[in-house]
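Read the structure below first, then the notes.
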Amino acid sequence: LRLEPFIEDASTRYGIDPQLLRALCFLESRYRLDVVSPKGARGPMQFMPATAIKYGLQNPHDPRSAITAAARYLRDLLREFNGRTDLAIAAYNAGEGTVEAFLTGKSLRLSDGKIINPGNVRTGGIPPYPETKQYVRAALTLLAIKPESARIKSLVPTRDRESSRRFTDRDFTLDVSMNEISPPQRSKEKASSSFIDIQ
């Protein structure tokens, strides 16, 4: 895959599991460089303009720059959400302010006047939007993580429980076979230094 060297480099540099970058790149763009979403997100990692500016990304269609910026962004999201991969993934999709609003049960007014979580609902952080919930489930499945949370565990197929699951939403359809997406075995040295190792 032409993006693999950039994924490996960025994951090593910023302490991000390369499988997380692969999963999000797949979900965001199917590894395509020229993608532009109806909302204005661009490139293989689908950066919105404000986030691209925040991370110094001048050309979101450039794979090296986009993947490097995504690794930095994910590192920051993981720090912000205390290493919780599910919340970092949700924030990558819906925005960190949105995840924070549903984590704390407080509303958030955006610059355009839109109010996120006007009912002050506390969900544990995952916004109750079908697109975001689907995105998190698909990403965790691609990561082949066994989540600690029973609530999340019930949504994520494991080899023991189910050999495949079909994910769909209006933007993508994903047939996942757990045998095909198992992350590559990592050396103990590399595994112990991973920023987001899940117990």
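Counting with my numbering, you get residues 2 to 200 for the letters of the sequence shown.
For glycine and all other residues, C-beta sits at the position ideal for the given N, C-alpha and C.
Since the structure is predicted, the reported quantities are computational estimates derived from the model, not experimental observations.
- Residues of the same chain with a CB within less than 7 Å of the CB of VAL137, apart from the 5 flanking positions on each side, are ASP87, ILE90, ALA91, ILE127 in chain order.
- Restricting attention to GLN47, ARG23, ALA51, the CA atom closest to the CA of SER112 is found in ALA51.
- Per DSSP, ILE127 has no beta-bridge partner at all.
- When only Cα atoms are considered, SER108 and ASN118 end up about 5 Å apart.
- Between TYR93 and LEU75, the beta carbon gap of about 7 Å places them in contact (Cβ cut-off 8 Å).
- Within the model, the alpha-carbon separation for THR99 versus GLN135 is close to 16 Å.
- Sorting LEU104, ARG23, ALA140 by C-alpha distance to the C-alpha of ASN83 places LEU104 at the top.
- Between the alpha carbons of HIS62 and ARG73 lies a gap of roughly 17 Å.
- DSSP, read as helix, strand or coil, puts ARG33 in coil.
- For the pair GLN20 and LEU144, the CB atoms are nearer than the 8 Å cut-off.
- At the C-beta level, LEU28 and ALA139 come within 8 Å of one another.
- Under the three-state reduction of DSSP output, LEU22 falls in the helix class.
- Under DSSP, PHE48 forms a beta bridge with ARG43.
- Note that the C-beta distance between MET49 and ILE68 is not below 8 Å.
- Its chain contains SER30 as the residues whose beta carbon lies nearer than 6 Å to that of VAL36, once the 5 sequence neighbours on both sides are disregarded; these appear in chain order.
- Apart from the 5 residues on each side of it in sequence, ARG14 sits with its Cβ closer than 8 Å to the Cβ of THR69, ALA72 in its chain, given in chain order.
- In the DSSP assignment, LEU4 falls outside any alpha helix (DSSP H) and carries neither an H nor an E.
- In this structure, DSSP gives LEU58 a state outside helix and strand, which the three-state scheme calls coil.
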